[in-house]
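In the working numbering, the protein residues as written are 61 to 403.
These notes concern the structure reproduced below.
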């Protein structure tokens, strides 16, 4: 996914996107439109772009986007994300935006797919075929491409400093090695999952860039283990969901060591006070987290903007081992299809 798109810690998409700074200056709004896992990937991208650039961004579920009276026009860059390129709701949303004069681009894993042919301009995620119905590696490819897109747009707008670009791209290049270290902890993740395979459900919580991978972690658990799982911004727990907490409802807390750590710890303490078991996804070297949870999955340290890259794989493994413990069909979960071609 990175090959040919980065060199010397710089992003260059000019061979795929024939855009100029003058053209980009006319785009006042950016709309990310997708469904399911792809929608959560766009939420990662939007938050990274908010960190490094000055954009007005909205992330929209495709099945809602096409039925709302959202201002769309020539001042809009609309980015449609679909793994298969055949997702009906995303395809119809793209047709709507194109008809209203928006500049449209698609991010897809399938070159020549329907949405690619109709939209034209595309960034391909060369992840290869994904056999399982639940998206895993394609999510990683999507957030990689979308991060590069965000950096490239920021650079063309002259909003991205060379130092920030080098820092993030260098960290992106290090992600594969960090993921390999997580895979080396597979047995530890399996042991945590085994402790909770009989739970009646799960809450996932996170703040900032920890929230989108919390959503994706909850979705993976629902898809392949058939357990109820919901994700919330950690600060929203007290606005209703906390009423459900008890000793039988574990809370999976994404708590990277960043400037929101203390806030998330406060939400963990709220959950502990209601007797909910805590499963913590924390940064290696965080010696304090074990005061709050006996079930900790440690992840390598990375740049704050790239935490979702590090968080999603252990959450996928957690869902996988719970599903396996429950005897579920992991590759072909019930009621789901790899390509959703109906509305």
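Cβ atoms here follow ideal geometry from the backbone N, Cα and C, with glycine treated the same way.
Note that the coordinates shown come from a computational prediction; the quantities given were computed from them, not determined experimentally.
Next on the checklist: Rounding to the nearest angstrom, what Cα-Cα distance links residue 238 and residue 368 in this structure?
Outcome noted: The residue you call residue 238 lines up with position 178 of the chain shown. The residue you call residue 368 lines up with position 308 of the chain shown. Here the alpha carbon of residue 238 sits roughly 12 Å from the alpha carbon of residue 368.
Next on the checklist: On the DSSP bridge list, what partners appear for residue 182?
Outcome noted: Numbered from 1 along the chain shown, position 122 holds the residue referred to as residue 182. Residue 182 pairs with 166.
Checklist entry - Would you call the stretch 255-266 and the stretch 225-237 in contact, with 3 or more CB pairs under 8 Å? => result Because the criterion of three Cβ pairs below 8 Å is not met, the stretch 255-266 and the stretch 225-237 do not touch.
Item to check | Residue from 115, 101, 138 and 354 with nearest C-alpha to residue 126 | outcome: Counting from 1 along the chain shown, the entry for residue 126 is found at position 66. Closest option to residue 126, Cα to Cα, is 138.
Checklist entry - Given a threshold of 16 other Cβ atoms within 10 Å of its Cβ, counted over all protein chains shown, does residue 143 qualify as buried or as exposed? => result Numbered from 1 along the chain shown, position 83 holds the residue referred to as residue 143. If you draw a 10 Å sphere on the C-beta of residue 143, you find 16 or more other C-beta atoms in it, and that means buried.
Checklist entry - Among all the DSSP beta bridges, which residues are the ones paired with residue 290? => result Within the chain shown, residue 290 is the residue found at index 230, counting from 1. BP columns for residue 290 point to 263.
Item to check | Beta-carbon spacing of residue 342, residue 355 below 8 Å | outcome: The sequence position of residue 342 within the chain shown is 282, counting from 1. The sequence position of residue 355 within the chain shown is 295, counting from 1. Not a contact, by the Cβ cut-off of 8 Å.
Checklist entry - Do three or more CB pairs link the stretch 199-210 to the stretch 367-382 at distances below 8 Å? => result Here the stretch 199-210 makes contact with the stretch 367-382; the two share three or more CB pairs at distances below 8 Å.
Item to check | the stretch 118-137 / the stretch 62-75 touching (three or more Cβ pairs under 8 Å) | outcome: Short answer: they don't touch.
Item to check | Exposure label - residue 145; buried when at least 16 CB within 10 Å | outcome: As a first step, residue 145 is located in the chain shown; it is residue number 85 there, counting from the start. So residue 145 ends up on the buried side.
Item to check | Simplified DSSP state of residue 128, which is helix, strand or coil | outcome: Position 68 of the chain shown, counting from 1, holds the residue named residue 128. Here residue 128 sits in coil by DSSP.
Next on the checklist: If the criterion is Cβ atoms closer than 8 Å, does the pair residue 207 and residue 185 meet it?
Outcome noted: Numbered from 1 along the chain shown, position 147 holds the residue referred to as residue 207. Numbered from 1 along the chain shown, position 125 holds the residue referred to as residue 185. If you check the CB distance, residue 207 and residue 185 do not come in under 8 Å.
Next on the checklist: Looking at the secondary structure, which residues open and close the beta strand (DSSP E) in which residue 93 lies?
Outcome noted: On the chain shown, position 33 is the one that residue 93 refers to. Start and end: 89-94.
Item to check | Alpha-carbon spacing of residue 359 relative to residue 134, whole angstroms | outcome: Numbered from its first residue, the chain shown carries residue 359 at position 299. Numbered from its first residue, the chain shown carries residue 134 at position 74. The straight-line gap from Cα to Cα measures roughly 42 Å.
Checklist entry - Do the CB positions of residue 294 and residue 335 come within less than 8 Å of each other? => result For the purposes of this step, residue 294 is taken as the residue at position 234 of the chain shown. For the purposes of this step, residue 335 is taken as the residue at position 275 of the chain shown. Between residue 294 and residue 335, the C-beta gap is not smaller than 8 Å, which leaves the two residues out of contact.
Next on the checklist: If you follow the beta strand (DSSP E) that residue 74 is in, where does it begin and where does it stop?
Outcome noted: Residue mapping note: residue 74 aligns to position 14 of the chain shown, counting from 1. For residue 74, there is no enclosing beta strand (DSSP E), as DSSP marks it with neither H nor E.
Checklist entry - Could you give the residue range of the beta strand (DSSP E) that holds residue 224? => result Position 164 of the chain shown, counted from the first residue, corresponds to residue 224. Bounds of any beta strand (DSSP E) do not take in residue 224; it lies within the alpha helix (DSSP H) bounded by 222-243.
Item to check | The alpha helix (DSSP H) enclosing residue 256, as first and last residue numbers | outcome: Here residue 256 refers to the residue found at position 196 of the chain shown. Boundaries for residue 256: no alpha helix (DSSP H) harbours it, and the DSSP string shows neither H nor E there.
Checklist entry - Quick check: the stretch 296-303 against the stretch 269-284, are there 3 or more CB pairs under 8 Å? => result Judged by pairs of C-beta atoms under 8 Å, the stretch 296-303 does not touch the stretch 269-284, as fewer than three such pairs exist.
Next on the checklist: Taking its Cβ as the centre, do 16 or more other Cβ atoms sit within 10 Å of residue 226, making it buried, or is it exposed?
Outcome noted: By one-based count along the chain shown, residue 226 stands at place 166. It counts as exposed.
Checklist entry - Can residue 106 and residue 117 be called in contact, C-beta distance under 8 Å? => result Taking the first residue of the chain shown as 1, we reach residue 106 at position 46. Taking the first residue of the chain shown as 1, we reach residue 117 at position 57. Yes. Within cutoff.
Item to check | Limits of the beta strand (DSSP E) - the one that residue 115 falls within | outcome: By one-based count along the chain shown, residue 115 stands at place 55. For residue 115, no beta strand (DSSP E) segment is defined, and its DSSP state is neither H nor E.
Next on the checklist: My output table needs one value for residue 347: the three-state DSSP class, helix, strand or coil.
Outcome noted: As a working note, residue 347 is residue 287 in the chain shown. Reduced to three states, the DSSP call for residue 347 is coil.
Next on the checklist: On the CB-based measure, 16 or more other CB atoms within 10 Å of its CB, does residue 376 come out buried or exposed?
Outcome noted: Position 316 of the chain shown holds residue 376. Note on residue 376: 16 or more other CB atoms within 10 angstroms of its CB, so buried under the neighbour-count rule.
Checklist entry - What residue from 276, 163, 176 and 97 has the CA that sits closest to residue 151's CA? => result Mapped onto the chain shown, residue 151 falls at position 91. Of 276, 163, 176 and 97, the smallest CA-CA separation from residue 151 is found for 176.
Next on the checklist: Taking DSSP's pairing of strands, which residues face residue 314 in a bridge?
Outcome noted: Counted from its first residue, the chain shown places residue 314 at position 254. DSSP lists 341 as partners of residue 314.
Item to check | Residues near residue 115 in its chain [Cβ-Cβ closer than 7 Å; skip 5 each side] | outcome: As a first step, residue 115 is located in the chain shown; it is residue number 55 there, counting from the start. For residue 115, where only same-chain residues beyond five positions count, the Cβ hits under 7 Å are 90 and 109.
Checklist entry - Between the beta-carbon of residue 291 and the beta-carbon of residue 309, is there less than 8 Å? => result Counting from one through the chain shown, the residue named residue 291 turns up at place 231. Counting from one through the chain shown, the residue named residue 309 turns up at place 249. In this structure, residue 309 does not lie closer than 8 Å to residue 291 by Cβ.
Item to check | Residue closest to residue 241, alpha-carbon to alpha-carbon, out of 223, 265, 362 and 148 | outcome: Sequence index remark: in the chain shown, residue 241 carries index 181 (1-based). Nearest to residue 241 by C-alpha distance, out of 223, 265, 362 and 148, is 362.
Next on the checklist: With the cut-off set at 8 Å, would you say residue 170 and residue 391 are in Cβ contact?
Outcome noted: Start at 1 with the first residue of the chain shown, and residue 170 comes out as number 110. Start at 1 with the first residue of the chain shown, and residue 391 comes out as number 331. No, these two residues do not count as a Cβ contact at 8 Å.
Checklist entry - Excluding sequence positions up to five away, which residues of its chain have a Cβ less than 7 Å from the Cβ of residue 224? => result Taking the first residue of the chain shown as 1, we reach residue 224 at position 164. For residue 224, where only same-chain residues beyond five positions count, the Cβ hits under 7 Å are 112.
Item to check | residue 81 versus residue 136 - alpha carbon distance | outcome: For the purposes of this step, residue 81 is taken as residue 21 along the chain shown, with counting starting at 1. For the purposes of this step, residue 136 is taken as residue 76 along the chain shown, with counting starting at 1. Rounded to whole angstroms, residue 81 to residue 136 spans 15 Å at the Cα level.
Checklist entry - What whole-angstrom Cβ distance do residue 26 and residue 166 have, given they're in contact under 8 Å? => result A query on residue 26 cannot be resolved here, the shown segment of the chain reaching from 61 to 403 and no further.
Item to check | Option nearest residue 76 by Cα separation, candidates 85, 262 and 62 | outcome: Locating residue 76 in the chain shown gives position 16, counting from the first residue. Out of 85, 262 and 62, 62 has the C-alpha closest to the C-alpha of residue 76.
Item to check | Distance between beta carbons of residue 248 and residue 357, contact taken as under 8 Å | outcome: Along the chain shown, read from residue 1 onward, the residue named residue 357 stands at position 297. Along the chain shown, read from residue 1 onward, the residue named residue 248 stands at position 188. So it is a contact: roughly 7 Å between Cβ atoms.
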